[in-house]
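**Q**
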Amino acid sequence: MSIEPQEKSTIELEEFPTRTEIEDWQQEIDGNILVEEKLVTVNTIDEKYESLPKTSENSFLGFKNNKYKRPTTIHIIDGEKGGCGKSFICRAFIEYCQANAHDMVIVDADISNRDIDKIYPNVEMAFFSDDEKQAYEADKIFEFAFTKSVLVNLPAQVYGNVTNWIQRNDLVSLGEEYSINFTKWFVSTGGVDSVNFFLKSLDDFGDDITHVFVKNYGLCDDWEYVETMPEFLDAVQKYNFYVVDFPKFPFWERNTIDRLSVTFTDAILRPELKIVSKQRVKNFLKFAYSVSYASEVQ
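Residues 2 to 299 (my numbering) make up the sequence shown, in order.
As structure tokens, this is what we get:
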């Protein structure tokens, strides 16, 4: 999937891009656009340490026996604020993967609501804690990425815990060693607080982690204010990140699907949805899956 990045260059206000064209969603999920797809040789251990016991501060060293692996990506669906649409967008992401037979580990880190776990099978559970004694509970996310890409649905208000987990364990550098990459899909409501959390993530991680700013049109249909915020324009010049538009989904169909706790695909078969409502769901999925579009997220 090809995403046009926000380049580090001086731009005129009227030239600011309001949408991004994504041409190949499959490659985006694989991480093949953001990271060149190739077999990677992983050093088993630095030569000067070959005679020392193979111990480490983290639990990932055992995987150094895997000398060859394809690049994988840990996709983090973030947004920090509750009600911004993280779980809803995560569900669309999952169903795209299923529709295209793309094998990915699904992790629901929202242990209170379990919005993903209660709808989809074979979902792994993990959580981020500020208690150092339980910090290891999130490590499984990184471990899963040794075999396949991972999709993580975050709860609200865990930004600090997630950031500490990545930075304290130096997972960006460790990921580079094992060809594991991070992509943060930051779902925004269009509110100032929401945008500021995204900007904070950029400041904390820079270009070490790929950032995707997701404009949720289900919650905001006018993004001009965000696109003209001085802080946002400064970030456009300073960092490389991507902007995508997530389409609005009709409220009645969304609420019905949530009440039934079914997938979008299964909802099309349910008698509770009449023919026109089913068509709306189909249209939404068509937009969400599109490989060449004007204003839809994939």
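Each residue gets a CB set at the ideal place from its N, CA and C atoms; glycine is no exception.
With burial defined as no fewer than 16 other Cβ atoms inside 10 Å of the residue's Cβ, what is the status of K287: buried or exposed?
**A** Counting Cβ neighbours within 10 Å, K287 comes out exposed, since fewer than 16 surround it.
**Q** Would you check if the distance between the CB atom of H76 and the CB atom of L152 is smaller than 8 Å?
**A** It is a contact, given that the beta carbons lie within the stated cut-off.
**Q** Please report how far the alpha carbon of R169 lies from the alpha carbon of N154, in whole angstroms.
**A** Each residue's Cα considered, the two are about 21 Å apart.
**Q** Give the single residue among I210, D235 and S262 whose Cα lies nearest to the Cα of E177.
**A** Cα-wise, what sits closest to E177 is I210.
**Q** Work out the CA separation of D118 and M126 for me, nearest whole Å.
**A** Spanning the two alpha carbons is a distance of roughly 8 Å.
**Q** For F214, which beta-bridge partners are listed by DSSP?
**A** Beta-bridge pairing links F214 to F187 and V244.
**Q** If you draw a straight line from the alpha carbon of D140 to that of K216, how long is it in whole angstroms?
**A** Approximately 29 Å between the Cα atoms of the pair.
**Q** Let me know if V108 comes out buried or exposed under the rule of 16 or more other beta-carbons within 10 Å of its beta-carbon.
**A** V108 should be labelled buried.
**Q** Distance, Cα to Cα, E254 vs K279?
**A** Going from the Cα of E254 to the Cα of K279 covers about 8 Å.
**Q** Work out the CA separation of E144 and S180 for me, nearest whole Å.
**A** Cα to Cα, the separation comes out at about 12 Å.
**Q** What residue ranges within the segment 125-190 form continuous alpha helix (DSSP H) runs of no fewer than 4 residues, ordered along the chain?
**A** Runs found: 140-145, 160-169 and 172-178.
**Q** I need the boundaries of the beta strand (DSSP E) containing V277, first residue and last residue.
**A** Unbroken run through V277 is the alpha helix (DSSP H), I276 to Y290; no beta strand (DSSP E).
**Q** At a cut-off of 7 Å, would you count Y240 as near the ligand SAH, judging by its Cβ distance to the nearest heavy atom?
**A** With respect to the ligand SAH, the structure shown offers nothing to examine, as it has no ligands at all.
**Q** Would the segment 83-92 count as touching the segment 186-202 if we require 3 or more Cβ pairs under 8 Å?
**A** The segment 83-92 vs the segment 186-202: in contact.
**Q** Quick one, are the C-beta atoms of A157 and G219 less than 8 Å apart?
**A** No.
**Q** Throw me the rounded Cβ distance for the F242 and F206 pair, which I believe falls under 8 Å.
**A** Between F206 and F242 the Cβ distance is about 10 Å, and since that is not below 8 Å, they are no contact.
**Q** If we count the other Cβ atoms within 10 Å of its Cβ and call it buried at 16 or more, is P72 buried or exposed?
**A** It is buried - the Cβ of P72 has at least 16 other Cβ atoms within 10 Å.
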